[in-house]
Amino acid sequence: MKGFVRILEALISSIILFTSLTYFFTTYDYSFWNSASLRTLVQDTVSALYIGGTVNESFYSGDPAAVKTALDRIMPSTTDYSAEISGAPPPEIKIHCVCTIAEADIIRTRLGLIGTFFAYNERVISIIMSADPDIGNVDRAADIILFLRTSDLSGQQQRLDNWIIQGRNVMLLADIQQAHFNDETIGPALTDVFGLQWTGSAGGSPGTFTQSDDIRKIPYKIAKYFTASSAYQSSENFNFNPSAGANQISAGEGSVINSGSVSFVKGREAGGRALWFAAYDGEAFILNDDGSVTIRNDDINKLLRAAIIWESGERYVISERDLPSRQPYMRYDFPGAVGSDPYKITILIWKTFY
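Okay, so the sequence shown: first residue is 1 according to our numbering, each after it adds one.
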């Protein structure tokens, strides 16, 4: 009898122990079958916003408030979400230049802005620039972090790698010499971050678009942005006229402008985007007989502007939240197009309490 009692006591103790252990663990529900009604509601709402023109109107006005308000209205109070549009140029692009304000003003002049705006594909896009030569003071809200000197990359490979992993975009607008690749503090950033290689052979002039008819390649989009925001065609010849010995960068994957086997513009995407654009003289001008001024290399100025559109990440945020670190989330993707630019609306939804 005593043995039976001890067995019963042990059984009861085990049940109490296992029941107590559940206090220290959280059970996660990864099934969203119980959210079918929410899925249908979101799909219907986004479809109505797109068909009714609300989504595209936000591109033209540069204000996503109407789309966000509609999504806020349908979301249950126990959920949170983020929403963005990717694949098409956003209404506003923020650039932080690791340079002086005067140098940033020169770049802004090259872009041919009216105030902060320029026309693209029957739309108006704004470029906002900030500047600080201290890399530690980079604007966290910047879409593009712009460098004008290879020396500013010295010892910064880890920082640049982290930015790329985080989805941020870096750009270098500068001449490159072989000595920069041989410099142990600069070379790794040029090779690993920007994907550049020294070819050792000088390119001729001019350079032209490469692979601009392949929709899967970077040059396709930059060429499209170039022609839709300027009076030039994708067959344009670009005279970079590099200084002696500079910019002997091998062409290949990611090359946008080629002169033989040498590239003048090259980009890559690995989370964030990295773009190198060869330095050029965008300030020289010609005084015409009638007193008007013609900017020399205006076609390269417009090419720079088109490259910046791609380099921005082509990401238009409707509602931004930090993603949950532990609980799962639902993802919805919807196709759309504004003008000739196809895009994808992505909405992530998760439970606030779980």
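Ideal Cβ positions, reconstructed from N, Cα and C, are used throughout, including at glycine.
On a predicted model such as this, the values are computed, not experimentally measured, just so you know.
Secondary structure of S77 (DSSP, three-state): coil.
When beta bridges are read from the DSSP output, T208 appears opposite N258. Put simply, the backbone Cα of G245 is about 18 Å away from that of L172.
About 6 Å separates the beta carbon of V262 from that of T199, a gap short enough to meet the 8 Å contact definition.
Pairing I215 with G267 gives a Cβ-Cβ distance that is not under 7 Å.
Pairing I106 with A131 gives a Cβ-Cβ distance that is not under 7 Å.
With respect to the C-alpha of F59, the residue from Q166, V317, I349 and F353 having the closest C-alpha is V317.
DSSP places A251 in the coil class of the three-state scheme, outside both helix and strand. If you draw a straight line from the Cα of S312 to the Cα of R140, it is about 14 Å long. Burial is judged here by how many other beta carbons sit within 10 angstroms of a residue's own beta carbon; G115 has fewer than 16 and is exposed. For the options A228, S61, L49 and A202, the alpha carbon positioned closest to that of F240 is the one of A202.
Taken through DSSP and simplified to helix, strand or coil, S201 comes out as coil.
Here T150 is buried: its Cβ has 16 or more other Cβ atoms, across all protein chains shown, within 10 Å. When DSSP states are grouped into helix, strand and coil, T346 belongs to the strand group. A Cβ-Cβ contact shorter than 7 Å links I85 with I345. Every alpha helix (DSSP H) stretch that sits fully inside the segment 275 to 340 and reaches 4 residues is listed by chain position as 298 to 311. With a beta-carbon spacing of about 15 Å, I309 and Y232 fall beyond the 8 Å limit used to define contacts.
Looking only at E92, C99, D299 and G112, the smallest Cα-Cα distance to I125 is reached by E92. A Cβ-Cβ contact shorter than 7 Å links Y120 with A228. I222 is positioned such that its CB atom lies no closer than 7 Å to that of A337. Straight across, the Cα-Cα distance linking D213 with Y220 is about 6 Å. Residue pairing by DSSP places G272 opposite A270 in a beta bridge.
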